[in-house]
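Structure, as structure tokens:
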Amino acid sequence: MRKIAPKFCFALTLLTRIPCRGRQQLLDNPERTVPLFPIVGLLLGLILFALDYLFRLIFPPGVAAILLLTSYIFLTGGIHLDGLSDMVDGFSGGKNRSRVIEIMHDPHLGAFAVIALLLTLLLKVWLFLSLPDEIRGLALLIMPVFSRWMMALSICKYPTAPGSRIGYTLVGKAGNNHLLAASYLVLLIIASLIFFGATSAFVLQTAIAFAAAVLMTIGIASYSRKVIDGLTGDVYGTVNELSEVLILLVFTLKHF
Numbered sequence: 005m006r007k008i009a010p011k012f013c014f015a016l017t018l019l020t021r022i023p024c025r026g027r028q029q030l031l032d033n034p035e036r037t038v039p040l041f042p043i044v045g046l047l048l049g050l051i052l053f054a055l056d057y058l059f060r061l062i063f064p065p066g067v068a069a070i071l072l073l074t075s076y077i078f079l080t081g082g083i084h085l086d087g088l089s090d091m092v093d094g095f096s097g098g099k100n101r102s103r104v105i106e107i108m109h110d111p112h113l114g115a116f117a118v119i120a121l122l123l124t125l126l127l128k129v130w131l132f133l134s135l136p137d138e139i140r141g142l143a144l145l146i147m148p149v150f151s152r153w154m155m156a157l158s159i160c161k162y163p164t165a166p167g168s169r170i171g172y173t174l175v176g177k178a179g180n181n182h183l184l185a186a187s188y189l190v191l192l193i194i195a196s197l198i199f200f201g202a203t204s205a206f207v208l209q210t211a212i213a214f215a216a217a218v219l220m221t222i223g224i225a226s227y228s229r230k231v232i233d234g235l236t237g238d239v240y241g242t243v244n245e246l247s248e249v250l251i252l253l254v255f256t257l258k259h260f
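With positions in the sequence shown counted from 1, the corresponding number in my numbering is that position plus 4.
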């Protein structure tokens, strides 16, 4: 536990705004925290589960969905949404690799970034509102676990883009062993959910959601590698946000 605690603290403070002591101990080997990304996702999922129950107990469904998304953004500090907006700006406005990177580093938002943010937020509110009651708790648990694993996949299997301010310092040495460890933790989480009563239909939805998110992640990462010779922190944030939307979409499908 003494070895895991500082890794978890680093991962927690990297991916959320939840305070945790011990971050500084891993500045030289930050890639060792990547396997714990799904555990951070599980913690966020548990918080979402509890908040969703509380909000729906007190408020109408629409208000509860907005409050749930607001709470989620507060917990993460909106860092992944910021990545999404920067990537949309850079990839829509840059004509070459250096210009794309320059735009992504610019703190100002362009029109396409604003549109992407608004659509993502509207979709998430509506998806939170549309989750079937019988699976909404499990879906809220699964969503951040899978999306953080998708970030681990992007980090471990694709190179960092030249000029990235976060890639080299945080994940430059992450590789297959780190991804395997993250995958093992995800399997344990899924097995636990099945053990505690998940239906066969939910398991099928979970498998489809995971596969769809993997394909989308590969597509985003491959495109980023083609355009800017690798991935950046903004791309990781985009992967997380779009994975969450896609996963929630699968869980709201009618024919299950």
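Cβ coordinates follow ideal geometry from the N, Cα and C atoms, glycine included.
Tell me whether residue i is buried or exposed, calling it buried when 16 or more other Cβ atoms sit within 10 Å of its Cβ.
i	result
Asp110	exposed
Arg152	buried
Asn3	Given that the chain is displayed from residue 5 to residue 260, the structure contains no residue 3 and the question cannot be resolved.
Pro136	exposed
Val67	exposed
Ile62	exposed
Ser226	exposed
Ala15	buried
His84	buried
Lys11	buried
Thr203	exposed
Ile198	exposed
Glu245	buried
Leu257	exposed
Leu262	Nothing about residue 262 can be reported from this structure: the residues present for the chain run from 5 to 260 only.
Ser182	With the sequence shown as reference, residue 182 is identified as His, and Ser is not the correct amino acid for it. The residue in question, His182, is buried, as its Cβ has 16 or more Cβ neighbours within 10 Å.
Leu131	buried
Tyr188	exposed
Excluding five sequence neighbours on each side, which residues of the same chain lie with their C-beta closer than 8 Å to the C-beta of residue i?
i	result
Tyr172	Residue confidence is low: Tyr172 scores 48 on pLDDT, short of 50, so the model does not pin down where it sits. Its coordinate-derived value is still stated next. Cβ within range, chain order: Thr164.
Val149	Pro42, Gly45, Leu46, Gly49, Val190 and Ile193
Thr37	Lys11, Phe12, Phe14, Ala15, Leu18 and Leu30
Met5	Its pLDDT being 46, under 50, Met5 is placed unreliably by the model, and the measurement read from it follows with that caveat. Contacts found: none.
Round the Cβ separation of residue i and residue j to the nearest angstrom and send it over; I've been treating them as touching at under 8 Å.
i	j	result
Tyr166	Gly223	It should be noted that the sequence gives Pro, not Tyr, for residue 166. Their Cβ separation, rounded to whole angstroms, is 22 Å, which puts Pro166 and Gly223 out of contact at 8 Å.
Val129	Leu73	5 Å
Ala211	Phe41	The pair is not a contact, with the Cβ atoms about 20 Å apart (cut-off 8 Å).
Ordered along the chain, which non-local residues of its own chain (more than five positions away) have a Cβ less than 6 Å from that of residue i?
i	result
Leu123	none
Asp90	Met108 and Asp238
Taking the alpha helix (DSSP H) that residue i falls in, what are its first and last residues?
i	result
Cys160	Arg140 to Lys161
Pro65	Pro65 to Thr80
Lys99	Element bounds for Lys99: n/a, residue is neither H nor E.
His182	Asn180 to Phe199
Lys128	Ala115 to Ser134
Asp137	Per DSSP, Asp137 belongs to no alpha helix (DSSP H) and is neither H nor E.
Pro42	Phe41 to Ile62
Look up residue i in the DSSP assignment and give the residues it is bridged to.
i	result
Leu235	Thr164
Excluding the 5 residues flanking residue i on each side, which residues of the same chain have their C-beta closer than 7 Å to its C-beta?
i	result
Gly97	Ile107 and Gly114
Phe214	Phe150
Ile70	Val129
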